[in-house]
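S.K.:
2 protein chains.
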Amino acid sequence: MSIPDLNTIKSAAKRIKPYIHNTPVLRCAGINEITGGDIFFKCENMQKAGAFKSRGACNAVFSLTADQLKKGVGTHSSGNHAQALARAASLRNTDAYIVMPETSPRVKVAGVKGYGGKITFCKPTLQAREETLQRIIEDTGALEIHPYNNYRIIAGQATAALEMLEEMGKTDIIMVPVGGGGLLSGTALTTKYLLPGTRVIAAEPEMADDAYRSFYEGRLIPSNNPKTIADGLLTSLGSLTYPIIREYVDDIVTVSEEGIIKAMRLIWERMKIVIEPSSAVPLAAVLENKIDIKGKTVGIILSGGNVDLDGLPWLEKE
Amino acid sequence: MSIPDLNTIKSAAKRIKPYIHNTPVLRCAGINEITGGDIFFKCENMQKAGAFKSRGACNAVFSLTADQLKKGVGTHSSGNHAQALARAASLRNTDAYIVMPETSPRVKVAGVKGYGGKITFCKPTLQAREETLQRIIEDTGALEIHPYNNYRIIAGQATAALEMLEEMGKTDIIMVPVGGGGLLSGTALTTKYLLPGTRVIAAEPEMADDAYRSFYEGRLIPSNNPKTIADGLLTSLGSLTYPIIREYVDDIVTVSEEGIIKAMRLIWERMKIVIEPSSAVPLAAVLENKIDIKGKTVGIILSGGNVDLDGLPWLEKE
Chain A
5 MSIPDLNTIK
15 SAAKRIKPYI
25 HNTPVLRCAG
35 INEITGGDIF
45 FKCENMQKAG
55 AFKSRGACNA
65 VFSLTADQLK
75 KGVGTHSSGN
85 HAQALARAAS
95 LRNTDAYIVM
105 PETSPRVKVA
115 GVKGYGGKIT
125 FCKPTLQARE
135 ETLQRIIEDT
145 GALEIHPYNN
155 YRIIAGQATA
165 ALEMLEEMGK
175 TDIIMVPVGG
185 GGLLSGTALT
195 TKYLLPGTRV
205 IAAEPEMADD
215 AYRSFYEGRL
225 IPSNNPKTIA
235 DGLLTSLGSL
245 TYPIIREYVD
255 DIVTVSEEGI
265 IKAMRLIWER
275 MKIVIEPSSA
285 VPLAAVLENK
295 IDIKGKTVGI
305 ILSGGNVDLD
315 GLPWLEKE
Chain B
5 MSIPDLNTIK
15 SAAKRIKPYI
25 HNTPVLRCAG
35 INEITGGDIF
45 FKCENMQKAG
55 AFKSRGACNA
65 VFSLTADQLK
75 KGVGTHSSGN
85 HAQALARAAS
95 LRNTDAYIVM
105 PETSPRVKVA
115 GVKGYGGKIT
125 FCKPTLQARE
135 ETLQRIIEDT
145 GALEIHPYNN
155 YRIIAGQATA
165 ALEMLEEMGK
175 TDIIMVPVGG
185 GGLLSGTALT
195 TKYLLPGTRV
205 IAAEPEMADD
215 AYRSFYEGRL
225 IPSNNPKTIA
235 DGLLTSLGSL
245 TYPIIREYVD
255 DIVTVSEEGI
265 IKAMRLIWER
275 MKIVIEPSSA
285 VPLAAVLENK
295 IDIKGKTVGI
305 ILSGGNVDLD
315 GLPWLEKE
């Protein structure tokens, strides 16, 4: 495997088509008026299992033979990749071994169980997660499917931008949030293959700014104790995603926690859709004037919609 | 004016097309699995001003000449018709005089103000609302646009089913919530004109069941102290909507308050869209087994999405 080319991304799109949604692309006159741009929102919050992660997980799992899948697949994840992988595995009638920190949100644990995933809980540290997964893989012979540091995952995530650009035709800017960099690297590849003149800009919480620092210091710097309401963006860039991002992404900007909550609420109120905090990070960057989109066409990928409806951020006590 | 025929409804659709959204029709595999039916949800929560009411208000206002509109339009409403009328009036550069009860939700008052509506507050009784509107109309010469007891409004609301049926081709059942009956009577007309074999079923809160009682007792019975979380459905059928409903609607069923909240939350969680309680009433009827949709195709109009995000019903103290 090497960095996915356009044919690989198109093959991924064809492979996963029966198992995912071609999600709607929505516009909002009210938000355009506020920002001065013309924003097209790709609604991956409405994707199967509630996030773009279903694209990569389906591409990885459906690329494997029945024989390779015989002993199942495994990953450690507290979030959307866990649900997406459990779902993809169930579609291929194989087991998904999911290592989750014992602090994982109830709603995400329920999601994984709902898709038949076999959960092992562990302490909420990266070391405990990796050790526990390693032990399970040795015991079961399952194949590890990493949430982002995997070219098949990257090619799968790249299909969201492929659909969006097919619908938009062209655009001045594409924006996505960045955590481990699977969505960002895939989006950057698709965009630069199809529309080399389009700017690819990532947005990241200030409180988890490893991608920003890595991008501008020119070396891979892992997150140091990240803490953000955007729970999908706590992870650090990987050895496969970082080089793609360094080469193909035009800019990375950071946003405040307050900005994320404000943008999230604006999207709920004006667009009448449910997004999780991570999805709001690109619009937060626009609202905080980190990016000027006046008079420009912008595609934003809303990454997911898995949010605990019992604990909305604007209702939390300070 | 008489009961709108198919040509009148098609003319309304053409008239309002530049000013409203052809809203998305969404399906949800998870909800289909729970209900055993194949449901198509028409997302009027994503309509301009957040509800189907923009259809009727635009049709009424754009049917009038500049001369007729010179002195503005007026209505009393605590809800979505107020916002929709204020928006339609602003598109025609005329005034909208809106009488609102002083207890109206802050978010709806802000919506009316946002569209430039001129608000007069009054005591929260029907008498105070009607008297206040009467006085304003006498003072200003504005034309009253009733929220539902008006054939132009009914023809406008009928265009939601027109779009949905164009997209669906055919369907076994169409379901909508019923308050004053504008959406229901319009939907029934469109459906019986185009697909006479399709069943039209209305759902109503038990706690505001005037339409149910009127339908089954065969005479117009006004609401008696209605009280429901579905704040769009507190009104009673009108003298123009009731006869259409009696003739063209196949059934009206009622649902519990708990059922409405449960259905609302299910739609938020699974479909990742924001709907107001009134929109959840038809699905609540299915979940409470008031209607059997197993193996059937069903169109449901989600009437609106204007909900106060600071006070979600499942977070309320008992």
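Order-wise, the sequence lines are chains A and B.
All residue numbers for the first sequence refer to our numbering, where the first residue is 5 and numbers rise by one.
All residue numbers for the second sequence refer to our numbering, where the first residue is 5 and numbers rise by one.
Cβ atoms here follow ideal geometry from the backbone N, Cα and C, with glycine treated the same way.
1. Give me the DSSP bridge partner(s) of P105(B).
2. As a quick exercise: from L95(A), I38(A), T301(A), G263(A), pick the residue whose alpha carbon is nearest that of L68(A).
3. Hey, is K276(B)'s beta-carbon within less than 7 Å of any beta-carbon in chain A?
4. Taking the beta carbon of Q72(B) as the centre, do at least 16 other beta carbons fall within 10 Å, making it buried, or is it exposed?
5. Could you tell me whether the Cβ of M179(A) comes closer than 7 Å to any Cβ of chain B?
6. Counting only beta-carbon separations shorter than 7 Å, does M168(A) have a partner in chain B?
7. With 7 Å set as the bound, which would you pick, yes or no: does the beta-carbon of N49(B) sit closer than that to a beta-carbon of chain A?
8. Assuming D214(B) is part of the alpha helix (DSSP H), what are its boundary residues?
9. What is the rounded straight-line gap between the Cα of Q138(B) and the Cα of S243(B)?
10. Under the rule that 16 or more other beta-carbon atoms within 10 Å means buried, what is M5(B), buried or exposed?
11. If you drop the 5 nearest sequence neighbours on each side, which residues of the same chain put their C-beta closer than 8 Å to that of V257(B)?
12. What in chain A is Cβ-close to E273(B), meaning under 7 Å?
13. Mind checking if S28(A) is an interface residue toward chain B, Cβ cutoff 7 Å exclusive?
14. Which runs of the alpha helix (DSSP H) spanning at least 4 residues fall entirely within the stretch 47-91 of chain A, listed in chain order?
15. Give me the Cα-Cα distance between E322(A) and D143(A), rounded to the nearest whole angstrom.
16. Please name the residues in the stretch 217-233 of chain A whose beta-carbon is closer than 7 Å to at least one beta-carbon of chain B, in chain order.
17. Roughly how many angstroms lie between the CA atoms of D99(B) and K75(B), to the nearest whole one?
18. I want to see whether chain B comes within less than 7 Å of G83(A), judged by CB atoms only; does it?
19. For the beta strand (DSSP E) that contains V204(B), what are its first and last residues?
20. Report the partner residues of M179(A) according to the DSSP bridge assignment.
21. Distance, Cα to Cα, G185(A) vs R31(A)?
22. Quick check: the Cα distance between W318(A) and P281(A), rounded to an integer number of angstroms?
23. Is G309(B) close to chain A? Criterion is C-beta to C-beta, closer than 7 Å.
24. What is the DSSP secondary structure of E322(B), counted as helix, strand or coil?
25. Note down, in chain order, each residue of its chain lying with its Cβ closer than 6 Å to the Cβ of L287(A), except the 5 sequence neighbours on either side.
26. If the cut-off is 9 Å on Cβ atoms, which residues from the stretch 240-269 of chain B count as contacting chain A, listed in chain order?
27. Just grab the DSSP bridge partners of I43(A) for me.
28. Quick one: what's got a C-beta closer than 6 Å to T350(B)'s C-beta in the same chain, skipping five residues either side?
29. In whole angstroms, what is the alpha-carbon distance linking T129(B) and P105(B)?
30. G54(A) versus chain B: which residues are under 7 Å apart at the beta carbon?
31. Near A86(A), which residues of its chain fall below 6 Å by C-beta distance, leaving aside the five closest residues on each side in sequence?
32. Exposed or buried, which one is N229(B) when buried takes at least 16 other CB atoms within 10 Å?
M.R.: Quick answer:
1. Paired residue(s): C126(B).
2. When each option's Cα is compared against that of L68(A), the closest is L95(A).
3. Answer yes: the Cβ-Cβ gap between K276(B) and chain A drops below 7 Å somewhere.
4. Looking at its Cβ environment, which holds fewer than 16 other Cβ atoms inside 10 Å, Q72(B) is exposed.
5. No, no contact with chain B.
6. By this cut-off, M168(A) is not an interface position.
7. True, the Cβ-Cβ gap to chain A drops below 7 Å.
8. Counting along the chain, the alpha helix (DSSP H) containing D214(B) begins and ends at 214-221.
9. Rounded to the nearest angstrom, the two C-alpha atoms are 19 Å apart.
10. M5(B) is exposed by the Cβ-count criterion.
11. If we look at V257(B) and ignore the five residues flanking it on each side, its Cβ neighbours are I205, A206, A207, E208, Y216, A289, K294, I295.
12. Counting only Cβ-Cβ distances below 7 Å, E273(B) has contacts in chain A at L313, in chain order.
13. According to the sequence shown, residue 28(A) is Pro rather than Ser. Yes - at least one Cβ of chain B is within 7 Å of the one on P28(A).
14. DSSP runs (the alpha helix (DSSP H)) wholly in the stretch 47-91 of chain A: 57-66, 70-73.
15. Because E322(A) carries a pLDDT of 42, less than 50, the predicted location of this residue cannot be relied on, and the following value inherits that uncertainty. A direct Cα-to-Cα measurement between E322(A) and D143(A) gives close to 45 Å.
16. If the cut-off is 7 Å between Cβ atoms, the stretch 217-233 of chain A has nothing near chain B.
17. Each residue's alpha carbon lies about 7 Å from the other.
18. With 7 Å as the cut-off, G83(A) does not count as an interface residue toward chain B.
19. V204(B) -> beta strand (DSSP E) spans 203-209.
20. Looking at the DSSP assignment, M179(A) forms a beta bridge with I205(A), I304(A).
21. Taking C-alpha positions only, G185(A) is separated from R31(A) by approximately 25 Å.
22. Taking the straight line joining both Cα atoms gives about 11 Å.
23. Answer yes: the Cβ-Cβ gap between G309(B) and chain A drops below 7 Å somewhere.
24. Since pLDDT at E322(B) reaches only 43, below the 50 mark, its modelled position is unreliable, and no value is offered.
25. Exclusion of the five residues before and after L287(A) leaves A267 as the residues of its chain whose Cβ lies within less than 6 Å of its Cβ.
26. Those residues of the stretch 240-269 of chain B that come within reach of chain A (Cβ to Cβ, closer than 9 Å) are R269.
27. Per DSSP, V302(A).
28. Because chain B spans 5 through 322 in this model, residue 350(B) falls outside it and cannot be assessed.
29. One alpha carbon belongs to T129(B), the other to P105(B), and they sit about 7 Å apart.
30. Those within 7 Å of G54(A) in chain B are K276.
31. Hits under 6 Å: I102, V116.
32. Counting the other CB atoms within 10 Å of its CB gives N229(B) a total below 16, which places it among the exposed residues.
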